[in-house]
Amino acid sequence: MSSSSQIFVSLVIPILNELENVHLLYQAVKEVLDTIDRPYEMIFVDDGSTDGTREVLRELASEDIRLKVILFRKNFGQSAAMAAGFRESRGRIVVAMDGDLQNDPKDIPRLLDKMEQGYDVVAGWRKNRKDRLIVRKIPSRIANKLICSVTDVKLHDTGCSLKAFRREVIDRIRLYGELHRFIPGLARVEGARISEIVVVHHPRRFGQSKYNLTRTFRVLMDLSSLNLFLKYLRNPMRFFGTIGGWMLTLGTVMGIYVIYGLWIKQVPVEYMNVLVTTVFLFWAVGIQFVLFGLVASLIVQTGTRRGSSLSPFLTFAESGIKEKISG
Amino acid sequence: MDNSSIKISILVSLYNFAENVQRLYDSLIQAVESYDCTFEIVCVDDGSQDDTLKQLLQLAKRDKRLRVIKMRDTFGESAALEAALRYSSGEKVVYLSGRVRVNPMTIPRMLQHLDDGYDLVMGWRYPRRDFLLNRAISWLFNRLASRLSKVRLHDINSGVFVAKRGVLERISIYGDLYNFIPVLASQQGYKITEIKVEQQSGAFRMSRYPNEYIQRFLDIITVFFLTRYSKKPIHLMGFFGALFFLAGFIIELYLGVYRLLFLGPIAGRPLLILGALLLVIGIQMITIGLLGEMIIFTHAGEIEEYNIEEVIN
Numbered sequence: 001m002s003s004s005s006q007i008f009v010s011l012v013i014p015i016l017n018e019l020e021n022v023h024l025l026y027q028a029v030k031e032v033l034d035t036i037d038r039p040y041e042m043i044f045v046d047d048g049s050t051d052g053t054r055e056v057l058r059e060l061a062s063e064d065i066r067l068k069v070i071l072f073r074k075n076f077g078q079s080a081a082m083a084a085g086f087r088e089s090r091g092r093i094v095v096a097m098d099g100d101l102q103n104d105p106k107d108i109p110r111l112l113d114k115m116e117q118g119y120d121v122v123a124g125w126r127k128n129r130k131d132r133l134i135v136r137k138i139p140s141r142i143a144n145k146l147i148c149s150v151t152d153v154k155l156h157d158t159g160c161s162l163k164a165f166r167r168e169v170i171d172r173i174r175l176y177g178e179l180h181r182f183i184p185g186l187a188r189v190e191g192a193r194i195s196e197i198v199v200v201h202h203p204r205r206f207g208q209s210k211y212n213l214t215r216t217f218r219v220l221m222d223l224s225s226l227n228l229f230l231k232y233l234r235n236p237m238r239f240f241g242t243i244g245g246w247m248l249t250l251g252t253v254m255g256i257y258v259i260y261g262l263w264i265k266q267v268p269v270e271y272m273n274v275l276v277t278t279v280f281l282f283w284a285v286g287i288q289f290v291l292f293g294l295v296a297s298l299i300v301q302t303g304t305r306r307g308s309s310l311s312p313f314l315t316f317a318e319s320g321i322k323e324k325i326s327g
Numbered sequence: 001m002d003n004s005s006i007k008i009s010i011l012v013s014l015y016n017f018a019e020n021v022q023r024l025y026d027s028l029i030q031a032v033e034s035y036d037c038t039f040e041i042v043c044v045d046d047g048s049q050d051d052t053l054k055q056l057l058q059l060a061k062r063d064k065r066l067r068v069i070k071m072r073d074t075f076g077e078s079a080a081l082e083a084a085l086r087y088s089s090g091e092k093v094v095y096l097s098g099r100v101r102v103n104p105m106t107i108p109r110m111l112q113h114l115d116d117g118y119d120l121v122m123g124w125r126y127p128r129r130d131f132l133l134n135r136a137i138s139w140l141f142n143r144l145a146s147r148l149s150k151v152r153l154h155d156i157n158s159g160v161f162v163a164k165r166g167v168l169e170r171i172s173i174y175g176d177l178y179n180f181i182p183v184l185a186s187q188q189g190y191k192i193t194e195i196k197v198e199q200q201s202g203a204f205r206m207s208r209y210p211n212e213y214i215q216r217f218l219d220i221i222t223v224f225f226l227t228r229y230s231k232k233p234i235h236l237m238g239f240f241g242a243l244f245f246l247a248g249f250i251i252e253l254y255l256g257v258y259r260l261l262f263l264g265p266i267a268g269r270p271l272l273i274l275g276a277l278l279l280v281i282g283i284q285m286i287t288i289g290l291l292g293e294m295i296i297f298t299h300a301g302e303i304e305e306y307n308i309e310e311v312i313n
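Respectively, the protein sequence lines represent chains R and D. Its first residue numbered 1, the first sequence is counted upward by one per residue in the numbering used here. Its first residue numbered 1, the second sequence is counted upward by one per residue in the numbering used here.
Here you go:
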């Protein structure tokens, strides 16, 4: 096995129940990677397949030393599979791709060419998407708009799995939950230079699509909390405290009015009941928000102290990596 | 004793067990010797007030395979298990809690299941010979826990199980989570099964602390949350928070319209306060969910939410 510094590109592919596709995938990927004529490795991460994909992968791995296969004990999700693949990868450039053959491996050399121009992340853009309009293309387009506006990334298609990353980006991003959707955004925060190229998209040949519509709600919530983190993670009190502060102020103003009405103008209590309730409400929520802000600061502080935890928010400029790339 | 040759470690936690130590020891030896394998027994005295420790030490003097750990105070079974795990070396681990009084003769059969490819074999106390209230609560607890966690077991915290060492080292068994070892193990993708074990009479007592019963149901909520939503707290709390908030909002909207159309006074109506309360709870839930997300996000570097079975090449 060649040493880690020699591997030029690592291809990471999460795989879930792709029995018919996996052999074709391996052949197609291998063919393309052989043409670039630099040391490479393929990492197939099996996310707990139950249809015999694992056996095929074992067989393939036993014949090809450049194919690394990671078998999960059960299904842990696509983010986990990508995270595991990234962690095991050693190439200077890491390319991620779906295992369903809808992406075309032939686009990989073009991704690498684009990387050579000095980008840290190059995403694929499925300009002519071969999917159903209502259930896939439209939700995807809306999600893309939202993700781009929240994470401040100018991409046409953040949902395309075919992407290339520089090693430094990979080492910095920590994936969990369903964050794999937002990788360009997370990279952007670190100051990565991002670009895209148009890639080919094939219709699905075998197997089932693993998409379901219900996850839209979850994506939205992930997105809104990500939005919050990207803006306020260093100063959570700015967020919670501001809301709390306004509520307390409004509550106080209304409270003064209530006292003025009751004591000075001698208005009967019945007329003030709604306002009194509102005052209490604003005060309760306001105090809570300030307290939440304090707890949030505590969380961020302890997270920072552990060292690596806040590392997603180091920029390339801060760590001096950018200079190394351009130099 | 050469540690590397030990195949099976039998871990026992004991609390105020003096009169039964000898009997347990005899039946354990009898049970394990029939399995024909090198083994060790690690007994943890969890700060007993009677002379459990003295009895154990006497046995240990005669039998080199018996190791005794004395806890400085009563720290509970999870701490006892953790300590015993650290001072044992067998690849297969048998755990037996003194509290449950089951027949050790089932242990060889449980070990057999481990050899058949399972990672964790739980004991299922059946038939139960126990105080009726304990049984009823245990039944309800197990139904709820197995439904919420989707781990189909009859007796989740039976206090007797056999596992591969790696399983126990992988999952965190601290505090009350100890009660959910099979749930945590299945979350990590390990193969689990259960086997009926005979319960011996003698456990006819009600818990001295009523809080224990309430605690068990809080445990269920904890484990439900930790297994399904620990990496995405906002998905759970945001959903329920939005629900509460919406309900409160609709109520207040209704009252507002009602008042504006001069249909009558609303100040004295309890609905007003209910609506306000729902709004507050809704906001609280969403915010707490955000705090949860924040905890996860700041610790993302330490999270490894997958469990690799094998890496080839």
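All C-beta atoms in this analysis are idealised placements derived from N, C-alpha and C, irrespective of residue type, glycine included.
Open item on the list: For a test of the three-state rule: what should DSSP assign to D/Q112, helix, strand or coil?
Closed with: helix
TODO: Please confirm if the region 32–43 of chain D is in contact with the region 54–71 of chain D, defined as three or more CB-CB distances below 8 Å between the two stretches.
DONE: yes
Task: At least three beta-carbon pairs within less than 8 Å, the region 43–56 of chain R to the region 6–19 of chain R - done: yes
TODO: Take D/N20 and list the residues in its own chain whose beta-carbon comes closer than 6 Å to its own, dropping the five residues that flank it on each side.
DONE: none
Task: 7 Å Cβ shell around D/G117 - same chain, five flanking residues per side excluded - done: K191
Task: D/M294 in three-state terms, based on DSSP - done: helix
Task: Where D/K61 falls: helix, strand or coil (DSSP) - done: helix
Open item on the list: Please state whether the Cβ-Cβ distance between R/Q176 and D/I303 is less than 8 Å.
Closed with: Looking at the sequence shown, residue 176 of chain R is not Gln but Tyr. Against a cut-off of 8 Å, the Cβ pair of D/I303 and R/Y176 comes out as a contact.
Task: Those runs of the alpha helix (DSSP H) which lie wholly inside the region 156–199 of chain D and span at least 4 residues - done: 165–170 and 181–187
Task: Residues from the region 176–192 of chain R in contact with chain D, defined by Cβ distance under 9 Å - done: Y176, G177, E178 and L179
Open item on the list: For D/R170 and D/H154, what's the separation of their Cα atoms in angstroms?
Closed with: 23 Å
- [ ] Pull up the DSSP beta-bridge partners for D/L277, would you.
- [x] Looking at the DSSP assignment, D/L277 forms no beta bridge with any residue, so it has no partner.
TODO: For R/I299, go through chain D and note every residue whose CB falls closer than 8 Å to its CB, in chain order.
DONE: L291, M294, I295 and T298
Task: Contained beta strand (DSSP E) runs [length at least 3] in the region 224–269 of chain D, N- to C-terminal order - done: none
Open item on the list: Does the CB of D/A163 have a neighbour CB from chain R at under 8 Å?
Closed with: no
Task: Listed by chain order, chain R residues near D/P182 by CB distance under 7 Å - done: The premise fails here: D/P182 is roughly 14 Å from chain R at the closest Cβ pair, so nothing lies under 7 Å.
Open item on the list: Using beta carbons (cut-off 8 Å, strictly below), is D/Y190 in contact with chain R?
Closed with: yes
TODO: Please confirm whether D/V12 and D/K92 have their CB atoms less than 8 Å apart.
DONE: no
- [ ] Please report how far the alpha carbon of D/E309 lies from the alpha carbon of D/G189, in whole angstroms.
- [x] 9 Å
Task: Span separating the alpha-carbon of R/D98 from that of R/M237 - done: 40 Å
Task: Whole-angstrom C-beta distance between R/K30 and D/N313, which should lie under 8 Å - done: No, D/N313 and R/K30 are not in contact; Cβ-Cβ is about 14 Å, not under 8 Å.
Open item on the list: I'd like to check one pair, D/I195 with D/V280: are the Cβ atoms closer than 8 Å?
Closed with: no
TODO: Please classify R/Y257: is it buried, with 16 or more other beta-carbons within 10 angstroms of its beta-carbon, or exposed?
DONE: exposed
Task: Reference D/P182; option with closest CA among D/S146, D/K61 and D/I214 - done: D/S146
Task: D/I220 beta carbon less than 8 Å from that of D/G314 - done: Summary: the structure shown does not reach residue 314 of chain D, with chain D confined to residues 1 through 313, and so no result is reported for it.
Task: N-terminal and C-terminal residue of the beta strand (DSSP E) that D/L66 is part of - done: L66 to K70
TODO: Reducing DSSP to helix, strand and coil, say where R/S2 ends up.
DONE: At R/S2, the pLDDT of 44 sits below 50, so the modelled position is not reliable; the number obtained from the coordinates is stated separately. In this structure, R/S2 counts as coil in the three-state DSSP scheme.
Task: Inter-residue Cα distance where the pair is R/Q78 and R/M247 - done: 41 Å
Open item on the list: Per the DSSP calculation, R/P14 is bridged to which residue(s)?
Closed with: R/V45
Open item on the list: Could you tell me the alpha carbon to alpha carbon distance between D/D50 and D/T193, rounded to whole angstroms?
Closed with: 36 Å
Task: Test item: CB-CB of R/V269 and D/L291 under 8 Å - done: no
Task: Close beta carbons around R/A187, own chain, < 6 Å, minus the five adjacent residues each side - done: V121 and V169
TODO: Could you tell me the distance, in whole angstroms, from the CA atom of D/M285 to the CA atom of D/G238?
DONE: 7 Å
Open item on the list: Buried or exposed, going by whether 16 or more other CB atoms sit within 10 Å of the CB of R/W263?
Closed with: exposed
- [ ] Report yes or no: do three or more beta-carbon pairs, one from the region 149–167 of chain R and one from the region 192–202 of chain R, lie closer than 8 Å?
- [x] yes
- [ ] Closer than 9 Å by beta-carbon distance: list the chain D residues that pair up with R/V69, in chain order.
- [x] E310, V311, I312 and N313
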